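Residue numbers (the working numbering): -2 to 138.
Okay, so here's the structure we're looking at.
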Amino acid sequence: MSQSYDRGLVEDFGRWREFSAGMWAWVFHKFTGWVLVGYLFTHIAVLSTAISAAGQTQRIAAENDVYTTVIVMLESLLVVRILEVGLLAVAVFHILNGCRLLLVDLGIGLESQDKSFYASLILTGAIVVASVPTFLAGVFG
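And the structure:
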């Protein structure tokens, strides 16, 4: 027979303070996974639209087709570059936390899960901060 536990109300926002590092790692991993899935579908939709438009109008100029024109225009927008930095942060955290979870599942680092979660957050932050100049290059010039 299974036991039932009172987990409290979901609406009780004070419970978020009770979460340990492991629970936050789980929440962030699920959130970043859903963001990546959403991005993938959005990316496919945008690319398929640009490709079909390029096929219909053939070429705007000798070297530039609709697809290239759209991509160059999007890349010139600051908000797109900032969203790309956010996408990098989500992807890097998801990858590092996934590797951390794989090691934990293999029994490696079981006693230091909190430290490895914080390390993955810090490493994600360092990679993202180091990449910001690369992502923002060309927007202001």
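Every residue gets a Cβ at the ideal spot worked out from N, C-alpha and C, and that includes glycine.
Owing to the predicted nature of the structure, the values given are computational and were not obtained by experimental measurement.
Note down the Cα distance separating Phe16 from His26, rounded to an integer number of angstroms. Locating residue 16 in the sequence shown gives position 19, counting from the first residue. Locating residue 26 in the sequence shown gives position 29, counting from the first residue. Their backbone Cα atoms lie some 15 Å apart in a straight line.
Just to confirm before moving on: does the CB-CB distance between Thr121 and Ala86 stay below 8 Å? Position 124 of the sequence shown, counting from 1, holds the residue named residue 121. Position 89 of the sequence shown, counting from 1, holds the residue named residue 86. Yes, the pair counts as a contact, with Cβ atoms nearer than the cut-off.
Start and end of the alpha helix (DSSP H) containing Phe114? Counting from one through the sequence shown, the residue named residue 114 turns up at place 117. Segment 110 to 133, the alpha helix (DSSP H) holding Phe114.
Going by beta-carbon coordinates alone, are Arg97 and Ser113 separated by less than 8 Å? For the purposes of this step, residue 97 is taken as residue 100 along the sequence shown, with counting starting at 1. For the purposes of this step, residue 113 is taken as residue 116 along the sequence shown, with counting starting at 1. Yes, the pair counts as a contact, with Cβ atoms nearer than the cut-off.
Within 10 angstroms of its Cβ, does Ala22 collect 16 or more other Cβ (buried), or is it exposed? As a position in the sequence shown, residue 22 is number 25, starting the count at 1. With 16 or more other Cβ atoms within 10 Å, it is buried.
Proximity of Val125 and Val82 at Cβ, strictly below 8 Å: Within the sequence shown, residue 125 is the residue found at index 128, counting from 1. Within the sequence shown, residue 82 is the residue found at index 85, counting from 1. Cβ distance < 8 Å, so Val125 and Val82 count as in contact.
Beta carbon of Thr29, beta carbon of Phe90: below 8 Å? One-based indexing of the sequence shown puts residue 29 at position 32. One-based indexing of the sequence shown puts residue 90 at position 93. Cβ distance < 8 Å, so Thr29 and Phe90 count as in contact.
Relative to the alpha-carbon of Leu80, which residue among Val101, Leu93, Val34, Val129 has its alpha-carbon at the smallest distance? Here the question's residue 80 lines up with position 83 in the sequence shown. Answer by Cα proximity: Val129.
Are the Cβ atoms of Asp111 and Ala18 separated by less than 8 Å? To locate residue 111, count along the sequence shown from 1; it is residue 114. To locate residue 18, count along the sequence shown from 1; it is residue 21. It is a contact, given that the beta carbons lie within the stated cut-off.
Three-state secondary structure (DSSP) at Ile79? If you number the sequence shown from 1, residue 79 lands on position 82. Helix at Ile79.
For Leu84, three-class secondary structure by DSSP: Translated into positions along the sequence shown, residue 84 becomes position 87. Helix at Leu84.
On a Cα-Cα basis, can you pick out the residue from Ile92, Tyr64, Leu133, Gly35 that is closest to Leu118? Translated into the one-based positions of the sequence shown, residue 118 becomes position 121. For the residues Ile92, Tyr64, Leu133, Gly35, the minimum Cα distance to Leu118 belongs to Ile92.
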